[in-house]
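**Q** Please read through the structure below; I'll follow up with questions.
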Amino acid sequence: MNNQIRHLLRSLLGNLFPALLMAIGLGLSGFTAAQSDGGAEAKIGGRVLRVGPERELRSLAAASMQARNGDTIEVDAGEYRADVAVWTQEQLTIRAVGGRARMVAAGANAEGKAIWVMRSGSMLVENIDFSGARVRDRNGAGIRFEKGRLTVRNCTFLDNENGILTSNEPSAELVVENSEFGNNGAGDGQSHNLYVGGIAKLTVQASYFHHAKIGHLLKTRAAENHILYNRLTDENGGTASYELEFPAGGIAIVVGNLIQQSARSENSTIISYGAEGYKWPQNRLVLAYNTIINERTAGVKFLYVRPGERQVGAVNNVLAGGNAPAGGTLLQLTEPDVDRNTVRAERSDFVNAAAFDYRPAKNARWLAVPGQYGGGNALWPRREYVHPRGSRALPAGLTIQAGAFHSLD
Numbered sequence: 507m508n509n510q511i512r513h514l515l516r517s518l519l520g521n522l523f524p525a526l527l528m529a530i531g532l533g534l535s536g537f538t539a540a541q542s543d544g545g546a547e548a549k550i551g552g553r554v555l556r557v558g559p560e561r562e563l564r565s566l567a568a569a570s571m572q573a574r575n576g577d578t579i580e581v582d583a584g585e586y587r588a589d590v591a592v593w594t595q596e597q598l599t600i601r602a603v604g605g606r607a608r609m610v611a612a613g614a615n616a617e618g619k620a621i622w623v624m625r626s627g628s629m630l631v632e633n634i635d636f637s638g639a640r641v642r643d644r645n646g647a648g649i650r651f652e653k654g655r656l657t658v659r660n661c662t663f664l665d666n667e668n669g670i671l672t673s674n675e676p677s678a679e680l681v682v683e684n685s686e687f688g689n690n691g692a693g694d695g696q697s698h699n700l701y702v703g704g705i706a707k708l709t710v711q712a713s714y715f716h717h718a719k720i721g722h723l724l725k726t727r728a729a730e731n732h733i734l735y736n737r738l739t740d741e742n743g744g745t746a747s748y749e750l751e752f753p754a755g756g757i758a759i760v761v762g763n764l765i766q767q768s769a770r771s772e773n774s775t776i777i778s779y780g781a782e783g784y785k786w787p788q789n790r791l792v793l794a795y796n797t798i799i800n801e802r803t804a805g806v807k808f809l810y811v812r813p814g815e816r817q818v819g820a821v822n823n824v825l826a827g828g829n830a831p832a833g834g835t836l837l838q839l840t841e842p843d844v845d846r847n848t849v850r851a852e853r854s855d856f857v858n859a860a861a862f863d864y865r866p867a868k869n870a871r872w873l874a875v876p877g878q879y880g881g882g883n884a885l886w887p888r889r890e891y892v893h894p895r896g897s898r899a900l901p902a903g904l905t906i907q908a909g910a911f912h913s914l915d
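Numbered per this note's numbering, the sequence shown spans residues 507 to 915.
Here it is as structure tokens:
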């Protein structure tokens, strides 16, 4: 860790839970796509292969056979049915041009796993939609990611058994940016919108998760997780179980998210951490500047944390609904865990809760706790989620609120 990052890290929560964040070794102001995705953009050279109905290469399957390390594959907009492929190249970019490319499984799959199977070096997939993946073991995925580093940007995963399903490769890294995951799941509770195994690192930014079929909106067993400025909402009629689960613990940085449980959820827990035990050498959860909404009428746990060798810090979160007492804490934590400035809100405190607009109304002001971060607000949130999938920078000088939203325009 260089000195600049170390200094910035101390300035965020140095007086709040310093041992936690210093051990994580992260600067929380770095929530930008550019910083998360340097590897996928670093390739030099390579050919451009063009795929489309009027091109020499008419299918992605054909392109996967001809592509070499460092190539860029440009896919004409349109629908590609049963066009399944396995990608093993290094430094590969696949992007749709002139509109969106829609990969529709139509009963086909690669290796009995997915529409696309991706394994090898750094790869970028951009502007592509995946739908309809189904296989015999009911774990069909839009993308099965097995090895290397994959960045998925501005993609959608709709009506698959899993949106993305990863391996347990301990060196693999997955980055998801500005993407949408909806209506995925086989309905058995074992498949999810995004299902990440025991990989090295997961980063999810500015993305929209909704309406999982019985499974979770986002489930990850990765050693290190950055869940930043997203919307995870099961909305009207949704039947997701957990909205966010870290069953194996690990490092989990959850900042600036809107997280909502629907009235039809069968699970009383919204966020779960360590339910299967703590599998990683470092098990630390930071939950900050999130707006967490419960629509379930029965009892609810906004956050479940399994007892054990772990550290938890929750600060400046807003929660509404459920049966916690007014002014109650998010966690009922004891030392050394931290729960600071948890705000209990009512539906009337938001701009339009019925339309899932959970920005604070003009009469609701939940100031983030001042003076408890050593260096002031230098590392307070710099972005906020923008629907349907994106984020925007917060203007300089804006008063930072508790919760995920800080501006009203």
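By construction, the Cβ of each residue, glycine as well, lies at the ideal position given by its N, Cα and C atoms.
1. For Tyr586 and Val818, what's the separation of their Cα atoms in angstroms?
2. In chain order, what residues of the same chain have a beta carbon less than 6 Å from the beta carbon of Glu751, not counting five sequence neighbours either side?
3. Should Val631 and Val610 be called a contact, given that it needs their Cβ atoms to be closer than 9 Å?
4. Can you give the Cα-Cα distance for Val641 and Leu809, rounded to whole angstroms?
5. Are the beta-carbon atoms of Gly688 and Phe636 separated by less than 9 Å?
6. Identify whether Ser570 lies in helix, strand or coil by the three-state DSSP scheme.
7. Take the Cβ of Ser747 as the centre, count every other Cβ of all protein chains shown within 10 Å, and call the residue buried at 16 or more, exposed below.
8. Name the DSSP bridge partner or partners of Ala902?
9. Would you report the Cα separation of Arg802 and Arg846, rounded to the nearest angstrom?
10. For the region 700-717 against the region 867-877, are there 3 or more C-beta pairs whose distance is under 8 Å?
11. Could you check which residue in Gln767, Leu563 and Pro813 has the C-alpha nearest to that of His716?
12. Considering Cα atoms alone, identify which of Arg608, His912, Ala908 and His893 is closest to Leu900.
13. Residues in the same chain with beta-carbon distance under 6 Å from Gln788, minus the five sequence neighbours each way, listed in chain order, please.
14. Just to confirm, are Val581 and Ile634 a CB contact at a threshold of 9 Å?
15. Which residues mark the beginning and the end of the beta strand (DSSP E) in which Asn789 is found?
16. Name the one or two DSSP bridge partners that Gln595 has.
17. Does DSSP put Asp577 in a helix, in a strand, or in coil?
18. Give the single residue among Arg889, His893 and Pro894 whose Cα lies nearest to the Cα of Thr905.
19. Within a Cβ cutoff of 6 Å, which residues of the same chain sit near Tyr714, ignoring the five residues on either side of it in sequence?
20. DSSP on Gly545, reduced to helix/strand/coil?
21. Apply the 10 Å Cβ neighbour rule to Asp694 and answer buried if 16 or more other Cβ atoms are within range, or exposed otherwise.
22. Take Leu791 and list the residues in its own chain whose beta-carbon comes closer than 6 Å to its own, dropping the five residues that flank it on each side.
23. Between Gly755, Arg556 and Ala612, which has its C-alpha nearest Ala602's C-alpha?
24. Keeping to the same chain, check which residues put their C-beta closer than 6 Å to that of Thr797; ignore five residues upstream and five downstream.
25. One question on the structure: do His821 and Ile776 come within less than 9 Å of each other, judged by their Cβ atoms?
26. Starting from Ile765 and walking both ways along the beta strand (DSSP E), at which residues does that stretch end?
27. Count the other C-beta atoms from every protein chain shown that fall within 10 angstroms of the C-beta of Glu749, then say buried if there are 16 or more, exposed otherwise.
28. Given that a residue counts as buried once 16 or more other Cβ atoms are within 10 Å of its Cβ, and exposed if not, what is Lys719?
29. Going by the CB atoms, is the gap between Arg655 and Gly627 shorter than 9 Å?
30. Among Asp643, Asn699, Leu680 and Pro676, which has the Cα closest to the Cα of Asn666?
31. Given this structure, state the Cα-to-Cα distance separating Trp786 from Phe856, to the nearest angstrom.
32. In three-state terms, what does DSSP make of Arg871?
33. In terms of residues, what are the limits of the beta strand (DSSP E) holding Gly688?
34. Is the Cβ-Cβ distance between Ala678 and Glu652 less than 9 Å?
35. Shortest alpha-carbon distance to Met624 belongs to which of Arg850, Thr594, Ser697 and Gln696?
**A** This is what the structure gives:
1. Near 46 Å, if we compare the C-alpha coordinates of Val818 and Tyr586.
2. Result list for Glu751: His722, Lys725 and Ser778, in chain order.
3. With a cutoff of 9 Å on beta-carbon distance, Val631 and Val610 are scored as not near each other.
4. Going from the Cα of Val641 to the Cα of Leu809 covers about 33 Å.
5. Cβ atoms of Gly688 and Phe636: not closer than 9 Å.
6. If DSSP states are grouped into helix, strand and coil, Ser570 belongs with the helices.
7. Buried, because 16 or more other Cβ atoms sit within 10 Å of the Cβ of Ser747.
8. Looking at the DSSP assignment, Ala902 forms no beta bridge with any residue, so it has no partner.
9. Each residue's Cα considered, the two are about 25 Å apart.
10. Contact fails: fewer than three Cβ-Cβ distances are below 8 Å.
11. It is Gln767 whose Cα lies nearest to the Cα of His716.
12. The candidate whose alpha carbon is nearest that of Leu900 is His912.
13. Cβ neighbours of Gln788 beyond the five flanking positions: Ile757.
14. It is a contact, given that the beta carbons lie within the stated cut-off.
15. Where Asn789 is concerned, there is no enclosing beta strand (DSSP E), given that its DSSP letter is neither H nor E.
16. Answer by DSSP bridge pairing: none, since Gln595 is not bridged.
17. Reduced to three states, the DSSP call for Asp577 is coil.
18. Residue Arg889 is the option with its Cα nearest to Thr905.
19. Result list for Tyr714: Glu686, Arg737, Pro894 and Arg895, in chain order.
20. Annotation note: pLDDT 43 at Gly545 (below 50); position unreliable, coordinate value reported separately. Here Gly545 sits in helix by DSSP.
21. Asp694 counts as exposed, since fewer than 16 other beta carbons sit within 10 angstroms of its beta carbon.
22. Same-chain partners within the cutoff: Ala758, Tyr779 and Val818.
23. If we check each option's Cα against that of Ala602, Arg556 comes out closest.
24. Closer than 6 Å at Cβ, skipping near neighbours: Leu764, Val824, Tyr864, Gly909 and Ala910.
25. For the sequence presented, residue 821 should be read as Val rather than His. For Val821 and Ile776, no; Cβs fall outside 9 Å.
26. Note, Ile765: beta strand (DSSP E), Leu764 to Gln767.
27. Classified as buried, Glu749 has 16 or more neighbouring CB atoms from the shown chains inside 10 Å of its CB.
28. Answer is buried; the Cβ neighbour count reaches 16.
29. Yes. Within cutoff.
30. Nearest in C-alpha terms to Asn666, of all of Asp643, Asn699, Leu680 and Pro676, is Asn699.
31. Taken atom to atom, the span from the alpha-carbon of Trp786 to that of Phe856 is near 38 Å.
32. Assigned with DSSP and collapsed to three states, Arg871 falls in coil, not helix or strand.
33. Looking at the DSSP string, the run of the beta strand (DSSP E) that includes Gly688 is Glu686 to Gly688.
34. Less than 9 Å separates the beta-carbon of Ala678 from that of Glu652.
35. Minimum Cα distance to Met624 is reached at Thr594.
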